[in-house]
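Sequential numbering from 30 applies to the sequence shown in this note's numbering.
Backbone N, C-alpha and C fix where the C-beta goes; we use that ideal spot for every residue, glycine too.
This structure is a prediction, so every number in the text was calculated from the model and none was measured.
Report on the following structure.
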Amino acid sequence: MAQTLGLGPANLVVSMKILTLIAMLLCGLMFSFNVFCAVSQVRVPQTTAMLGIDKVSDIIQIRNSYAGVAYVQATVVEVFIDENGLESHHTITGADKADAIVALPEKFIISPKGSSSVRLLYTGKTAPTEDRYFKIRFTPIIKSEFYRDAAQTGVESSVFISITTTTFAAVIKGEPKPELDIKTGDNQATVTNIGDSMILLNDCKVCVGSVCEISSQKRLINNRSVTFDFNTQQLDMQSSGYLTCSTLSTTELGQLEQVIPYSQPDLLDEF
Numbered sequence: 030m031a032q033t034l035g036l037g038p039a040n041l042v043v044s045m046k047i048l049t050l051i052a053m054l055l056c057g058l059m060f061s062f063n064v065f066c067a068v069s070q071v072r073v074p075q076t077t078a079m080l081g082i083d084k085v086s087d088i089i090q091i092r093n094s095y096a097g098v099a100y101v102q103a104t105v106v107e108v109f110i111d112e113n114g115l116e117s118h119h120t121i122t123g124a125d126k127a128d129a130i131v132a133l134p135e136k137f138i139i140s141p142k143g144s145s146s147v148r149l150l151y152t153g154k155t156a157p158t159e160d161r162y163f164k165i166r167f168t169p170i171i172k173s174e175f176y177r178d179a180a181q182t183g184v185e186s187s188v189f190i191s192i193t194t195t196t197f198a199a200v201i202k203g204e205p206k207p208e209l210d211i212k213t214g215d216n217q218a219t220v221t222n223i224g225d226s227m228i229l230l231n232d233c234k235v236c237v238g239s240v241c242e243i244s245s246q247k248r249l250i251n252n253r254s255v256t257f258d259f260n261t262q263q264l265d266m267q268s269s270g271y272l273t274c275s276t277l278s279t280t281e282l283g284q285l286e287q288v289i290p291y292s293q294p295d296l297l298d299e300f
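Structure (structure tokens):
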């Protein structure tokens, strides 16, 4: 299965849980040395904001899972993907902000267990000739860093561990031509973006009979594929299953529906 723009949402959730556990263990060690330690984390949408010259902004909600006030710093990074699928990154600062995505505000406060709205804004004056991809990273910071006045906070005697979370955005090229190609085989379907701009696959379901598996949003940039597989341990005696997704580009909202041949596994092959 091809994935683009870093970790897929499912893997991201697992990774965040592991990072949180490590941070809590570190805080446990700090506590044994009578040092105050706090772990702060915010939660962000695991969906992609699609911006362009006709839609220059979007609002996302950032949630504070921490029991205290969260002071948060937003950083925007542009992602470049080469022909081998490898990513490189450039942090948007200074003059870069005149033609990129910016997060407003860049620093903000979230009340305990509360949420805050952040606007993603495309500042370019024209549509790009190719899609542009961005990661927006949200990092909890200490109060002194938020106000840049460490003298008033007395944080030297404490340890603060924060976990950065990331959401995604894209600026879509002018006059995109979205197009999908679907190829099926036994128990699977491969969806390829053969257009020239990113397409989002939302609410995808792979079903055999009444048994369905639901997947998270897929970001499918041009010339990339994603494969959906059946769980061949399902007991339904069916000759076919089906895949459905809602599809989203900046020019149209559609529905993908595809029948997929289903072959029941030969139980003798299991032994």
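Could you give the DSSP three-state label for K206: helix, strand or coil? K206: coil per DSSP, three-state reduction.
Which of helix, strand or coil does DSSP assign to S173? DSSP places S173 within a helical segment (H, G or I) once states are collapsed to three.
Local Cβ density within 10 Å of R177, reported as buried at 16 or more and exposed below that: So R177 ends up on the exposed side.
Extent of the continuous beta strand (DSSP E) to which M227 belongs: Careful: M227 lies outside any beta strand (DSSP E) and carries neither H nor E.
Cβ-Cβ distance between V106 and V71 below 8 Å: Not closer than 8 Å, so no.
Of the residues K136, I170 and Y271, the one placed nearest L285, counting alpha carbons only: The closest CA to that of L285, considering only K136, I170 and Y271, is found on Y271.
Flag this pair as touching only if the segment 192-205 and the segment 76-83 have three or more C-beta atom pairs under 8 Å; answer yes or no. Result yes; three or more Cβ-Cβ pairs closer than 8 Å.
C-alpha gap between T120 and E242, whole angstroms: T120 and E242 have their C-alpha atoms spaced approximately 37 Å apart.
Could you check the C-alpha separation between F137 and I171 for me, to the nearest Å? In a straight line, the C-alpha of F137 is about 12 Å away from that of I171.
Taking E159 as part of the beta strand (DSSP E), name the residues at either end of that continuous run. Unbroken run through E159: none, as it is neither H nor E.
Does chain D have any CB closer than 8 Å to the CB of K247? Checking the listed chains, one finds no chain D in this structure; it contains a single protein chain.
Top-ranked residue by Cα proximity to K164, from S146, V108, T273 and V240: It is V108 whose Cα lies nearest to the Cα of K164.
Just verifying my parser: in three-state terms, what is the DSSP assignment at G123? In the structure shown, the three-state DSSP call for G123 is helix.
Alpha carbons only, please: which of V98, I289 and S145 is nearest the one belonging to D258? Of the listed residues, the one whose Cα sits closest to D258 is I289.
By the 10 Å Cβ neighbour count, where 16 or more other Cβ atoms means buried, how is A124 classified, buried or exposed? Label assigned to A124: exposed.
Could you tell me how far apart the beta carbons of T280 and I228 are, in whole angstroms, since I believe they sit closer than 8 Å? Contact between T280 and I228 is absent: CB atoms are separated by about 10 Å, not below the 8 Å threshold.
Run through DSSP, which three-state label would D111 get? Coil.
On the three-state DSSP scale, how would you describe D128? Helix, per DSSP.
Relative to the C-alpha of I110, which candidate in L150, E159, S86 and D215 has its C-alpha closest? Nearest of L150, E159, S86 and D215 to I110, Cα basis: E159.
Touch test, the segment 86-95 against the segment 146-159, Cβ-Cβ under 8 Å, three pairs minimum: Output reads yes: the segment 146-159 touches the segment 86-95.
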